[in-house]
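Here the sequence shown stands for residues 1 to 322, numbered as in our numbering.
Have a look at the structure below before the remarks.
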Amino acid sequence: MGGLNEAALHMVATYLSLLLWGLYVCLFLRLMWVLRVRSVSLLSPPIVIIFVVFIFSVGQTVIIVYLAQYGFAKYPDGPTAYFTLYDSMLIGQGWTTATDFLQCAAGFTVNVIMTWRLFVIWSRERRVIYFPILLQCSGVAASIIIICDDIIDIKQLVRSSNFLTRYHENHLELLAINIVITWYCTGLICYRLWSMQQQKRAIATEAYNFGSEFESRNPYAGVMWALIHNGMLYGLSQAAHLVCSAMQNHAGKLILRELNINIIGIVTVLIMLELDVRDASEVMIAGHQPSPLEASGISMPVFRVLTPSDPEVVEGMKAAES
């Protein structure tokens, strides 16, 4: 897309990115307030990761604002010429490299969060995380190739066709990896929570005849729906980005590329905020009643399925009978 449309497209992408970033900042500040009220340690690894993603989004926003300000206000030949050359990777290669680094790092970070949550909810069973870890290794390799190619070719006046081909293919690979990891982890987590609820209800009904209480309220429903909502948001955004990139749809690819990090940040924050709205007493795991923030994976106990012989069940039934 050339001519005036190129400058207008970047203006639209910049406005949308800043609007989404503003929403992300509001949600981030809200989460900080929730963590303070709940007395959750800000030094726990998942919270540190959320801070890192926020820093990535700040860096991305600074680059977007700088490019817009320079292209529209300072470039001698005007915004149309500047953004046409920039999108062709003929100028601003350093900013392209920085953007690629932030995009790759943010994608890797959110995949780590999802893999960790899967690992914990599946009682730390290693077999369930072999596949996402393998995909992560492939994603890291593709990211390294992208960044190294950027650095090697950064002084070239014209990008070689081999570079552009590798660049395009590795970006498609990263997007595909993000989609697969997102749906794999979300699906297995929801299956695990659902199966645990069904087993607990069956045990309660068979051994103690109070399964109707479990039937009336699902203690894992809040966690499941929060993960499904946000997994769909992130997964669909990555799928749309993949389709636009594969079809060489420049407008869609540019806009989704600039929104990507903010979408990642919103997803990681929104899961915890959505769970915090729900009643913490509805999440009962192995005799422990974690807060919704714990259920989101910040400080989660090991999940396991109760049996009638478990001490927690025996003591609970004795208390109920008395």
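We treat Cβ as the ideally placed atom computed from N, Cα and C, and that holds for glycine.
Keep in mind the model is a prediction, meaning the values are calculated, not measured.
Among the options, whose alpha-carbon lies nearest the alpha-carbon of residue i?
i	options	result
Gln-69	Ser-123, Met-11 and Phe-54	Met-11
Leu-188	Lys-253, Thr-115 and His-250	Thr-115
Ile-179	Leu-233, Ile-145, Tyr-167 and Arg-192	Leu-233
Gly-78	Gly-94, Ala-8, Ile-271 and Ile-49	Ala-8
Ser-145	Asn-170, Trp-122, Thr-165 and Pro-46	Per the sequence shown, the amino acid found at residue 145 is Ile instead of Ser. Measuring from the Cα of Ile-145, the nearest candidate turns out to be Asn-170.
Phe-56	Gly-265, Thr-97, Leu-27 and Leu-270	Gly-265
Val-120	Asn-230, Arg-192 and Gln-136	Arg-192
Asp-100	Phe-51, Val-53, Asp-150 and Phe-54	Asp-150
Trp-122	Arg-166, Cys-190, Ala-239 and Thr-80	Cys-190
Leu-172	Val-53, His-241 and Arg-30	His-241
Leu-16	Leu-85, Val-65, Thr-97 and Val-140	Val-65
Val-58	Met-272, Ile-263 and Leu-273	Ile-263
Leu-19	Val-40, Ile-255 and Gln-103	Ile-255
Tyr-86	Glu-6, Asn-111 and Leu-42	Glu-6
Leu-93	Ser-39, Phe-54, Gln-136 and Ile-152	In the sequence as presented, Leu is not what sits at residue 93; that position holds Gln. Of the listed residues, the one whose Cα sits closest to Gln-93 is Ile-152.
His-250	His-168, Leu-43 and Leu-174	His-168
Tyr-184	Gly-235, Cys-26, Leu-43 and Trp-225	Gly-235
Any idea what DSSP makes of residue i, helix, strand or coil?
i	result
Met-272	helix
Ser-325	Summary: the structure shown does not reach residue 325, with the chain confined to residues 1 through 322, and so no result is reported for it.
Tyr-75	coil
Met-247	coil
Count the other CB atoms within 10 Å of the CB of residue i; is the residue buried (16 or more) or exposed (fewer)?
i	result
Ile-113	buried
Arg-127	exposed
Lys-74	exposed
Ile-129	buried
Gly-287	Bear in mind that a pLDDT of 36 at Gly-287, under 50, signals an unreliable position, so the number given afterwards is only what the model happens to contain. Answer is exposed; the Cβ neighbour count stays below 16.
Arg-117	buried
Cys-244	buried
Trp-33	exposed
Arg-36	exposed
Gly-71	buried
Glu-125	exposed
Gln-60	buried
Ala-142	buried
Pro-45	exposed
Gly-22	exposed
Leu-134	exposed
Gln-199	exposed
Met-196	buried
Gln-248	exposed
Leu-102	buried
Val-267	buried
Leu-67	buried
Val-40	buried
Identify the continuous alpha helix (DSSP H) that holds residue i and give its terminal residues.
i	result
Val-40	Taken as a continuous stretch (DSSP letters only), Val-40 belongs to no alpha helix (DSSP H), as it is neither H nor E.
Val-62	45 to 69
Ile-145	130 to 152
Since residue i and residue j are thought to touch, with beta carbons under 8 Å apart, how far apart are those beta carbons, to the nearest angstrom?
i	j	result
Glu-258	Ala-105	Incorrect: roughly 16 Å between the Cβ atoms, too far for contact.
Ser-237	Ile-177	Contact doesn't hold; Cβ gap of about 15 Å is too wide.
Trp-95	Ile-147	So it is not a contact: roughly 13 Å between Cβ atoms.
Phe-83	Val-269	That belief does not hold up - the Cβ atoms of Phe-83 and Val-269 are roughly 31 Å apart, past 8 Å.
Thr-186	Ile-228	7 Å
Thr-97	Val-52	The pair is not a contact, with the Cβ atoms about 19 Å apart (cut-off 8 Å).
Ile-261	Asn-230	Rounded, the Cβ-Cβ distance is 15 Å, inconsistent with contact.
Val-107	Leu-174	The sequence given here places Gly at residue 107; Val does not occur at that position. The Cβ separation is near 6 Å, so the contact holds.
Asn-111	Ile-181	5 Å
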